[in-house]
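**Student:** Pasting in a structure now, in structure tokens, and then I'll have a few things to ask.
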Amino acid sequence: MATADTHSTARLEDVAALANVSLATASKALHGKPRVSEDTRERVMEAARQLNYSPNKLAQSLASGRSGTIGLVTSDLQGRFSTPILIGAENELRAQSTSVLLANARGDDALERSHVEKLLSLKVDGLLIVQRETNPRPSLGRDWGVPLVYVYGPSTDINDCSVTCDNVDAGRMAVNHLISCGRNRIAIIGGDETYTASTDRTKGALEALAEVGLEPAGPIRYGRWDENWGRAATRLLLDQGVKFDAVACQSDQLARGCIDALKSQHLRIPEDVAVIGHDNWDVLTKSSRPPLTSIDNETELIGRKAARYLMDAINGQPHHGTEYLPCRLIQRESTLPLD
Numbered sequence: 001m002a003t004a005d006t007h008s009t010a011r012l013e014d015v016a017a018l019a020n021v022s023l024a025t026a027s028k029a030l031h032g033k034p035r036v037s038e039d040t041r042e043r044v045m046e047a048a049r050q051l052n053y054s055p056n057k058l059a060q061s062l063a064s065g066r067s068g069t070i071g072l073v074t075s076d077l078q079g080r081f082s083t084p085i086l087i088g089a090e091n092e093l094r095a096q097s098t099s100v101l102l103a104n105a106r107g108d109d110a111l112e113r114s115h116v117e118k119l120l121s122l123k124v125d126g127l128l129i130v131q132r133e134t135n136p137r138p139s140l141g142r143d144w145g146v147p148l149v150y151v152y153g154p155s156t157d158i159n160d161c162s163v164t165c166d167n168v169d170a171g172r173m174a175v176n177h178l179i180s181c182g183r184n185r186i187a188i189i190g191g192d193e194t195y196t197a198s199t200d201r202t203k204g205a206l207e208a209l210a211e212v213g214l215e216p217a218g219p220i221r222y223g224r225w226d227e228n229w230g231r232a233a234t235r236l237l238l239d240q241g242v243k244f245d246a247v248a249c250q251s252d253q254l255a256r257g258c259i260d261a262l263k264s265q266h267l268r269i270p271e272d273v274a275v276i277g278h279d280n281w282d283v284l285t286k287s288s289r290p291p292l293t294s295i296d297n298e299t300e301l302i303g304r305k306a307a308r309y310l311m312d313a314i315n316g317q318p319h320h321g322t323e324y325l326p327c328r329l330i331q332r333e334s335t336l337p338l339d
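The numbering of the sequence shown is full-length UniProt numbering, which starts it at 1 and goes up by one.
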């Protein structure tokens, strides 16, 4: 006897029952309607994922006048930060039965605008504009006929909706963690000073030091985000006789270079010098010896939140301004507390 395929026959009633909500609440949650709590929305989305629930897209489109698709334009399709943002956005949109059309602008402003125009010709319901870095970017304007949400690189127009990470708080978080490990001579190695990620992290780090009456150990120097600069900046600290017991590096690559330079001088990590990085890049943090403590930008969460805000705007509940989402500390063995 043939058995029913629940993955192909799941109904809205099934989703509502599994999530333990009413039919109306399940429908509102799935379609991004307002007046549904975040906890309830997540429960309904998870039930839909478990059941592989897919509403009748044609019927929905005819009833709502919407295509059920959004456009996503990224400046860097293969980027270290773009990929998890895309995954987060796609997961959120898929849970809301919305498809994604992807375009790669490759950092070209003219190509970005061309992609936007092309996606609009395909009748997308809204657009996510994803940048490869957190530097503020010019607005594309609001005359497109559909809502736009800027992701990672916020729009300079406060009337637009943007979602990014809080780099100031991340810098503060890194230094506070080192202080909690018993360190009080903390050096800072910055990335490229033309990036707001670097200057914002420095701002937060200096604020955290000032709150406990400390100053950075040695001058703050900026350079490339790579291991070579991490090594060179650390050697400068050592050659100039700067006394330090911790280094806050603004990227994991800088931290790996820093650790190399410290080890070359027979300094132990973390016993002699604690080191923290930023980005939580697995290929660097977990292979480091010792494993590297780092700050995670929560880029997948940024993608999910941006997609949710776009759906809110499509449903008549737009958000304005920039939301700065908190980063997350991932402690490993490079910053163990002093005995």
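Glycine included, every Cβ here is placed at the ideal spot set by N, Cα and C. Owing to the predicted nature of the structure, the values given are computational and were not obtained by experimental measurement.
1) Would you give the residue range spanned by the alpha helix (DSSP H) that G321 belongs to?
2) Mind checking N176: buried by the 16 CB within 10 Å criterion, or exposed?
3) May I have the straight-line CA-CA distance separating I259 from S27, to the nearest angstrom?
4) Grab the span of the alpha helix (DSSP H) containing G171 for me, first residue to last.
5) For a quick check, are the C-beta atoms of I276 and A174 less than 8 Å apart?
6) Could you give the distance in angstroms between the alpha-carbon of D160 and the alpha-carbon of R201?
7) Around the Cβ of L58, are there at least 16 other Cβ atoms within 10 angstroms (buried) or fewer (exposed)?
8) Could you check if G171 is buried or exposed, using at least 16 other CB atoms within 10 Å of its CB as the buried criterion?
9) Could you say if the region 305 to 318 and the region 236 to 251 meet the contact criterion of at least three C-beta pairs nearer than 8 Å?
10) Would you check if the region 252 to 267 and the region 207 to 227 touch, i.e. whether three or more CB-CB distances between them fall below 8 Å?
11) Quick one: grab the DSSP three-state call for D296.
12) What's the gap between the Cα of I314 and the Cα of S162?
13) Where does L18 fall in DSSP's three states?
14) Alpha carbon to alpha carbon, what distance is there between D109 and W281?
15) Please state if the CB of A187 and the CB of A217 are separated by a distance shorter than 8 Å.
16) Count the C-beta pairs between the region 44 to 51 and the region 14 to 31 that are closer than 8 Å, then say yes if the count reaches three, no if not.
17) Taking Cβ positions, are A86 and G303 nearer each other than 8 Å?
18) Closest to E112 by CA distance: which of S75, G213, T69 is it?
19) If contact is defined by three or more beta carbon pairs under 8 Å, each pair taking one atom from either stretch, is the region 292 to 302 in contact with the region 318 to 328?
20) Starting from G88, trace the alpha helix (DSSP H) both ways and give me its first and last residue.
21) Helix, strand or coil for G223, going by three-state DSSP, please let me know.
22) When we look at the beta-carbon of residue 340 and count the other beta-carbons within 10 Å, is it buried (16 or more) or exposed?
23) Less than 8 Å separating the beta-carbons of G153 and P138?
24) Measuring CA to CA, which of E133, I129, S264 is closest to L238?
25) Between R183 and the rest of its own chain, which residues show a CB-CB distance below 6 Å, the 5 nearest in sequence each way excluded?
26) Would you list, in sequence order, the uninterrupted beta strand (DSSP E) runs of no fewer than 3 residues that lie entirely inside the region 182 to 256?
**Tutor:** On the basis of the data shown:
1) Indexing the sequence shown from 1 puts residue 321 at position 321. Element bounds for G321: not the alpha helix (DSSP H) but the beta strand (DSSP E), 321 to 325.
2) In the sequence shown, the residue the question calls residue 176 occupies position 176. N176 comes out buried.
3) For the purposes of this step, residue 259 is identified with residue 259 of the sequence shown, where counting begins at 1. For the purposes of this step, residue 27 is identified with residue 27 of the sequence shown, where counting begins at 1. Roughly 53 Å separates the two Cα atoms.
4) Position 171 of the sequence shown holds residue 171. Its alpha helix (DSSP H) spans residues 167 to 180.
5) Here residue 276 refers to the residue found at position 276 of the sequence shown. Here residue 174 refers to the residue found at position 174 of the sequence shown. Yes, these two residues count as a Cβ contact at 8 Å.
6) Taking the sequence shown and counting its residues from 1, the one referred to as residue 160 is at position 160. Taking the sequence shown and counting its residues from 1, the one referred to as residue 201 is at position 201. Distance between the alpha carbons of D160 and R201 is about 24 Å.
7) On the sequence shown, position 58 is the one that residue 58 refers to. Summary for L58: the model assigns pLDDT 46, below 50, so the residue's position carries little reliability; its value from the coordinates is reported in the next sentence. By the 10 Å Cβ count, L58 comes out exposed.
8) The sequence position of residue 171 within the sequence shown is 171, counting from 1. That one is buried.
9) no
10) yes
11) Taking the first residue of the sequence shown as position 1, residue 296 is located at position 296. The answer is strand: DSSP assigns D296 an E or B state.
12) As a first step, residue 314 must be located in the sequence shown, where it is residue number 314. As a first step, residue 162 must be located in the sequence shown, where it is residue number 162. Going by the C-alpha atoms only, they are around 15 Å apart.
13) Numbered from 1 along the sequence shown, position 18 holds the residue referred to as residue 18. Reduced to three states, the DSSP call for L18 is helix.
14) Working through the sequence shown from its first residue, we reach residue 281 at position 281. Working through the sequence shown from its first residue, we reach residue 109 at position 109. C-alpha separation (whole angstroms): 28 Å.
15) The residue given as residue 217 occupies position 217 in the sequence shown. The residue given as residue 187 occupies position 187 in the sequence shown. Yes; because the gap between Cβ atoms is below 8 Å, this pair is in contact.
16) yes
17) The residue you call residue 86 lines up with position 86 of the sequence shown. The residue you call residue 303 lines up with position 303 of the sequence shown. The amino acid at residue 86 is misidentified as Ala; the sequence shows Leu. Yes, these two residues count as a Cβ contact at 8 Å.
18) Against the sequence shown, residue 112 aligns to sequence position 112. Out of S75, G213, T69, S75 has the C-alpha closest to the C-alpha of E112.
19) yes
20) Along the sequence shown, read from residue 1 onward, the residue named residue 88 stands at position 88. Where G88 is concerned, the enclosing alpha helix (DSSP H) stretches over 82 to 95.
21) Position 223 of the sequence shown, counted from the first residue, corresponds to residue 223. G223 falls in the coil class under three-state DSSP.
22) In this structure the chain extends from 1 to 339, so residue 340 is not present and cannot be described.
23) One-based indexing of the sequence shown puts residue 153 at position 153. One-based indexing of the sequence shown puts residue 138 at position 138. Not in contact: G153 and P138 (Cβ atoms no closer than 8 Å).
24) The residue given as residue 238 occupies position 238 in the sequence shown. It is S264.
25) For the purposes of this step, residue 183 is identified with residue 183 of the sequence shown, where counting begins at 1. The answer, listed in chain order, is D245, A246, A274.
26) 186 to 189, 246 to 249
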